[in-house]
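Heads up: the structure comes next, in structure tokens.
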Ligand code: NCD
Ligand code: ZN
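In the working numbering, the protein residues as written are 102 to 443.
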């Protein structure tokens with residue numbers, strides 16, 4: 102009998118994750134902690150995480166929710182132009198990055214940045230550069246929804262040239278324009294989600310509206326997906342996997358006024374494995390995309406964890422503690438066989 106195909110991933114990392122708070126945190130934290138070694142935790146709570154006390158307390162709540170799992174939450178703060186050197190020095194040992202949201206662009210981002218005036222941002226961003234704190238950016242303008250990310254590329258370029266020593270991570274990129282920007286500036290990096298490697302706007306709104314595929318930034322055109330796939334599959338050294346898994350309660354998704362966010366953490370590694378296989382790309386590249394590049398870019402050493410996937414049909418549950426995942430009730434080609442620690 103032919104043996105079942107297996108794929109082994111070491112220390113998978115999710116470099117963009119929403120773990121939420123309270124009951125939702127308790128309900129979904131294990132979906133990440135069981136299969137990933139570590140993740141960059143987004144700070145867009147209500148109110149946003151923006152003080153040392155808040156980030157320390159949030160980390161404790163995450164550690165409580167993940168119980169005994171070996172999983173490191175890499176904490177972030179919600180960027181404010183008022184952050185100064187003294188404050189950043191006091192908080193730097195508690196965080197891995199700072200996340201910048203343009204004001205009002207996505208879930209809980211009302212207190213974000215408007216205008217992107219370099220001089221206004223200079224004190225905070227040059228202090229971050231000096232202290233080696235990377236800046237993660239949600240790169241969308243408030244223009245026409247399909248153009249928002251491409252329009253933001255000029256802001257990325259302005260920031261990248263004004264602060265050459267600052268590591269800037271273009272979060273959850275969805276366009277060929279963002280992919281092209283990667284090679285123009287040494288200090289620009291990117292995360293890519295699994296859903297943006299799979300879907301286009303057609304999957305969201307081309308037929309019956311699919312609320313569980315609705316997210317910010319919205320999925321774009323086939324040529325954009327191709328550009329993302331190219332750099333992900335070659336494990337371009339400046340791109341990392343970041344799920345942007347963003348759970349919302351079922352009633353907030355299946356409603357008039359659907360919340361933005363796709364919940365992928367429990368199926369991300371299975372889907373990534375299938376994508377690399379379908380494209381005939383060596384799983385060594387997947388290992389680099391899902392862990393190696395992030396370790397190099399962020400200079401982190403995650404806890405040891407080995408995830409063994411096997412090629413056996415996996416029916417995605419209809420929900421995880423009430424949260425509907427992407428591809429609910431559909432069958433994936435790979436399932437997680439076991440996870441080993443140490
Ligand atoms: C995220 C959320 O729900 O917090 N939503 C999303 O559509 N991705 C916020 C974000 O990352 O934009
Ligand atoms: Zn996000």
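Quick reminder that beta carbons are idealized off the backbone N, C-alpha and C, glycines included.
**OP:** Just tell me which of 348, 432, 273 and 321 has its CA closest to the CA of residue 422.
**Re:** 348
Original post:
What is the DSSP secondary structure of residue 107, counted as helix, strand or coil?
Top reply: strand
**OP:** Indicate, with yes or no, if the ligand NCD has a heavy atom lying under 7 Å from the CB of residue 145.
**Re:** yes
Original post:
Sorted by chain position, which residues of the same chain lie with C-beta nearer than 7 Å to residue 381's C-beta, five sequence neighbours on each side aside?
Top reply: none
**OP:** Return the Cβ separation of residue 252 and residue 203 in integer angstroms, given the expectation that the two are a contact with Cβ distance under 8 Å.
**Re:** The pair is not a contact, with the Cβ atoms about 11 Å apart (cut-off 8 Å).
Subject >> Inter-residue Cα distance where the pair is residue 356 and residue 424 >> reply: 14 Å
**OP:** Give me the Cβ distance between residue 292 and residue 117, rounded to the nearest whole Å; I'm assuming they're in contact under 8 Å.
**Re:** 5 Å
Original post:
Rounded to a whole number of angstroms, what is the C-alpha to C-alpha distance between residue 158 and residue 371?
Top reply: 32 Å
Subject >> residue 236 versus residue 304: straight-line alpha-carbon distance, rounded >> reply: 31 Å
**OP:** Verify the contact flag: residue 130, CB atom, against every heavy atom of the ligand ZN, threshold strictly below 7 Å.
**Re:** no
Original post:
residue 198: beta carbon under 7 Å from a heavy atom of the ligand ZN?
Top reply: no
Subject >> Closest by C-alpha distance to residue 245, when choosing among 319, 119, 271 and 288 >> reply: 319
Original post:
Is any beta-carbon of chain D found at less than 8 Å from that of residue 218?
Top reply: Of the chains in the structure shown, none is chain D; there is only one protein chain.
Original post:
Thinking just about the alpha-carbon of each residue, which of 243, 218 and 354 is nearest to the one in residue 259?
Top reply: 218
Original post:
Which partner residues of residue 291 appear in the DSSP bridge assignment?
Top reply: 271 and 340
**OP:** Inspect the CB distances between the stretch 102 to 113 and the stretch 406 to 418 and report whether three or more fall short of 8 Å.
**Re:** yes
Original post:
Would residue 297 be called buried (16 or more neighbouring beta carbons within 10 Å of its own) or exposed?
Top reply: buried
Original post:
Taking DSSP as the reference, what is the three-state secondary structure of residue 367?
Top reply: coil
Original post:
Is residue 345 buried or exposed, if buried means 16 or more other CB atoms sit within 10 Å of its CB?
Top reply: buried
Original post:
Cα separation between residue 300 and residue 227?
Top reply: 37 Å
Original post:
Which residues mark the beginning and the end of the beta strand (DSSP E) in which residue 115 is found?
Top reply: 114 to 118
Original post:
Does at least one heavy atom of the ligand ZN sit under 7 Å from the Cβ of residue 166?
Top reply: no
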